[in-house]
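For reference, the structure is listed below as structure tokens.
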Amino acid sequence: MSRKRGPKRRTALNRALLTLHKWAGLAAGAWLLVLGVSGILLDHDEWRWQRQMTVPESWLSPRVARLLPATVMRYVAVDEARPNRWLGGSERGLWLTEDGGENWRDVSFPGGEKPQVLRFVRPGDGSLEGIVVATDDGLWRTTGQGMGIERFALKGTRIGSLARGSRPDELVGVVGHESVFRISRSDPSRIEWLNLDRVTVTGLPEQVSVYDFVFDLHFGYGIFGRTASTLINDLGGLAMAVLAVSGFFYWFLPWRWRRRSGPGPRVRRETHRWLYRTHATVFGLLALIPIVYLSVTGIILDHVVGFGNWARDVPMDRSSLTPVYQYRSLGEELDQVVAYPGEPRRLSVSTRLGLLHTDDGGRTWDADVDTGGQGGNLFRVGDRVFFSNNRGMHLQRRDGETEWSQINGPATMISDGVLLDSAVYLKNSRGFYMELPSGCFELTDMKSPQLSGATFYLFVVDVHTGNIIHEQFKWVNDLVGGLAVLLVLTGPVLWWRWKSR
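With our numbering applied, the sequence shown corresponds to residues 4 to 504, in that order.
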């Protein structure tokens, strides 16, 4: 027979904490719901529908609308025999122009498919026939001189990077952020996978800036590997949303029942008990840590300009940081890969801590000290390897050289390039840059496809930052973030005091 408990007495401290918790929750709840849901969406930029579903461009704030050109076309190829014919692609589609960019038309995938285009590699003959296209649904190959496309290999696999291999018939690529593979152009069933589970990495920077750590932590790859870190962040976002909704109804339903008739006493008790358990026991305790670090880092990143100027120069010892920075494995750390002609055991990859190079097929890797421990885009054009990121570092290096040289011209991150008439053309969000005899790059008047609408993903970015409401809404975000920390600190105290009485 269970022991009957006496009435639970509320102390003055309990009443004060409960009042503080209630009004903080009511004040911040609605926007915490928005931040939680939008945060989960932003954690998953790999979800195709977010990148291809569009909203009216007028919905974007001016600050976020500046990012729209970068979504239109990232990767390019040109027909060397007919230089007005270009192929372009991005997560929003694949396009062909036959008049030097004046008009672009869609290249349709079979069966109504519309995968995200993530890179492509032209064949050695310089035509648009047989270009291998890396997508979030495997490898495809162009037909009809770029006017059509067909499946090639690795159906259902996200190919995050693709480049020419060490042999003319070979391609090298990255699956997700996890694995490096080699594949034959002539026989796509021949696939070789590199084992990167246990590797030796030397020369990594011993310190990581406060800015990089805060950025990684907030965006879902700052604790463990990308998958685990993203799941933890998703838990934090889901908890924000559930706590906001359950907390509101925990207050609202008794308030409503006191003013008008409702369900019977038993249903009321069961409903109230279920809301309490969901709110406090399940999500309030399990997600305490991710809510705190997401809120604190969110407040910091609301002021990214001022914070970044300071935090990029403040170091943290890498050995004292979370497991993901220890680089015991390269799994989930790979972004881009390039190979070197005639050197089958040599590869370079870009990671969050900069470029890594191997000369033994992937067993040991040396960090590139010249790139300063920074990640970015890595790709090959002819006999040159290019590296570019969003911090103003734009470099190139010819095969056989050991030093990088600065690229003069493009100001924003370069996504791809092609070789035409012995000159390199580079592509970034501002357009196409042509190499001059002096070695500098000059912006051309070639146009990208004129797409209507903005991606839903950018719209969610606008909502999450609050820019869609006002450029100074960051201060409201700061207040809500502070209240979120207050809520997750007072909540467990209330729960513990309630259980202990």
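Don't be surprised by glycine CBs; every beta carbon is placed ideally from N, CA and C.
None of the values given here were measured: they were computed from a predicted structure.
Query	Result
Beta-carbon proximity check, L199 vs S351, cutoff 8 Å	no
Where R161 falls, given that 16 or more other Cβ within 10 Å makes a residue buried	buried
R18 in three-state terms, based on DSSP	helix
Chain-order list of residues whose beta-carbon lies under 8 Å from that of G469 (same chain, five-residue window excluded)	F476, K477, V479 and N480
Residue environment, H282, which counts as buried when at least 16 other CB atoms sit within 10 Å	buried
Contained beta strand (DSSP E) runs [length at least 3] in the segment 137-210, N- to C-terminal order	141-146, 151-156, 162-167, 173-178, 182-187, 194-196 and 203-205
For Y343, the nearest candidate out of G163, P171 and I472 (CA to CA)	P171
Pick from G345, E335 and A15 that is closest to R355, judged by C-alpha positions	E335
Bounding residues of the alpha helix (DSSP H) (the contiguous stretch that carries I303)	L291 to L304
Beta-carbon gap between A166 and V37 smaller than 8 Å	no
For F227, three-class secondary structure by DSSP	coil
Start and end residues, alpha helix (DSSP H) containing T100	From DSSP, T100 is part of no alpha helix (DSSP H) but of the beta strand (DSSP E) over G96 to T100.
Selected residue, minimal CA-CA separation from T233, among F222, A414 and E49	F222
Inter-residue Cα distance where the pair is M437 and E445	5 Å
Environment of G127 [buried if 16+ CB atoms lie within 10 Å]	exposed
A19 versus V245: straight-line alpha-carbon distance, rounded	24 Å
Among L461, T374 and A290, the one whose alpha carbon lies nearest that of L63	L461
Simplified DSSP assignment, three categories, for Y460	helix
Opposing strand residues paired with T361 [DSSP bridges]	L350
I417 - DSSP class collapsed to helix/strand/coil	strand
Cα-Cα separation, I226 to R122	28 Å
Beta bridge counterpart(s) of L381 as assigned by DSSP	F390
Alpha-carbon spacing of M4 relative to L324, whole angstroms	Only weak support is given to the placement of M4: the predicted model assigns it a pLDDT of 43, under 50, and the value that follows is read from those uncertain coordinates. Rounded to the nearest angstrom, the two C-alpha atoms are 52 Å apart.
Integer-rounded CB distance, given that S441 should sit under 8 Å from T415	T415 to S441, Cβ: 21 Å. No contact.
Identity of the residue in L439, V384, D371 and I410 nearest T79 by Cα	Checking the sequence shown, residue 79 turns out to be Val, not Thr. Cα-wise, what sits closest to V79 is V384.
Residue interval of the beta strand (DSSP E) (run including V285)	Premise fails: V285 is in no beta strand (DSSP E) and is neither H nor E.
Residue interval of the beta strand (DSSP E) (run including G92)	W89 to S93
Simplified DSSP assignment, three categories, for V110	coil
Y279, DSSP secondary structure in three states	helix
C-beta atoms of L174 and V183 nearer than 8 Å	no
One or two residues paired with A370 in a DSSP bridge	L359
Beta strand (DSSP E) segment containing F123, residue limits	V120 to V124
S212 in three-state terms, based on DSSP	strand
V491 - DSSP class collapsed to helix/strand/coil	helix
Of the residues G103, F286 and G32, the one placed nearest W498, counting alpha carbons only	F286
Cβ distance (whole Å) where P293 is taken to contact L207 below 8 Å	Between L207 and P293 the Cβ distance is about 27 Å, and since that is not below 8 Å, they are no contact.
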